[in-house]
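Numbering (my numbering), first residue to last: -13 to 194.
Beta carbons: idealized from backbone N, C-alpha and C, even for Gly.
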């Protein structure tokens, strides 16, 4: 968007500004050693760069070549697509309740030549109840409430395979809240990294 003040009473300038604002945003980045290209748009979370929480999660999450993964609340797809690159003989499902996010995550999967991915519109696990995963990951919103958190945790426990792993990144101020939820639902909690702004945590679905 131009730095000069536009006269938005002028039709031509209004149309020019609309085109600028509606144009796709494009950038490339390296996430957990994987080079990826992204196309995004205004209204999606962190549309011009990979946010620090996502980057931190990807630095600490472990994904095997055959893992079946879920990116919960995928946005335009950085976590899920980085996982898909690592799980070359596995599969990655990306879900979001925002249809724009799903559209852009699908476009980014195609843009990066990733065929082991599907991108679905789903409010949490609602539309994927039959699927099972080895890894679930989420960059949880700062305003996640108890009800939503426990919905995600209970569904994740149900749909993780034995020894499956749940990774979340949250603002550091929520770390005790997350620890309590992990211990209540999974019976375990591991803090992988605590930074000034973000904390990455891991829970495992232990074998019965």
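So, residue i versus residue j, is the Cβ gap smaller than 8 Å?
i: residue 100; j: residue 81; result: no
i: residue 179; j: residue 186; result: yes
i: residue 190; j: residue 144; result: no
i: residue 110; j: residue 84; result: no
i: residue 119; j: residue 139; result: no
i: residue 18; j: residue 60; result: no
i: residue 23; j: residue 9; result: no
i: residue 27; j: residue 90; result: yes
i: residue 151; j: residue 121; result: yes
Is residue i helix, strand or coil by DSSP?
i: residue 126; result: coil
i: residue 190; result: strand
i: residue 185; result: strand
i: residue 100; result: coil
i: residue 31; result: coil
i: residue 110; result: coil
i: residue 26; result: strand
i: residue 149; result: strand
i: residue 67; result: helix
i: residue 11; result: strand
i: residue -12; result: Below a pLDDT of 50, predicted positions are generally treated as unreliable, and residue -12, at 49, falls in that range; the measurement from the model is reported next regardless. Looking at residue -12 - three-state DSSP - the assignment turns out to be coil, as it is neither helix nor strand.
Where DSSP assigns a beta bridge to residue i, which residues make up the other side?
i: residue 57; result: 80, 123
i: residue 20; result: 17
i: residue 154; result: 124, 187
i: residue 42; result: In the DSSP output, where bridge partners are listed per residue, residue 42 has none listed.
i: residue 179; result: 186
Would you grab the beta carbon distance between residue i and residue j for me? Rounded to a whole angstrom, and I think it's under 8 Å.
i: residue 76; j: residue 53; result: 5 Å
i: residue 156; j: residue 126; result: 5 Å
i: residue 181; j: residue 42; result: 7 Å
i: residue 3; j: residue 33; result: No, residue 3 and residue 33 are not in contact; Cβ-Cβ is about 17 Å, not under 8 Å.
i: residue 153; j: residue 47; result: 5 Å
i: residue 97; j: residue 25; result: 6 Å
Please return the same chain residues whose Cβ sits closer than 6 Å to the Cβ of residue i, not counting the five positions on each side in sequence.
i: residue 78; result: 55, 66, 69, 70, 103
i: residue 176; result: 188
i: residue 194; result: none
i: residue 204; result: Outside the modelled stretch of the chain, which goes from -13 to 194, sits residue 204, for which no answer is possible.
i: residue 192; result: none
Output needed for residue i: all residues of its chain with C-beta closer than 7 Å, excluding positions within five of it in sequence on either side, in chain order.
i: residue 0; result: -6
i: residue 29; result: 86
i: residue 38; result: 183, 184
Considering only residues of the same chain and omitting the five flanking positions on each side of residue i, which have a CB-CB separation below 8 Å?
i: residue 74; result: 51, 102
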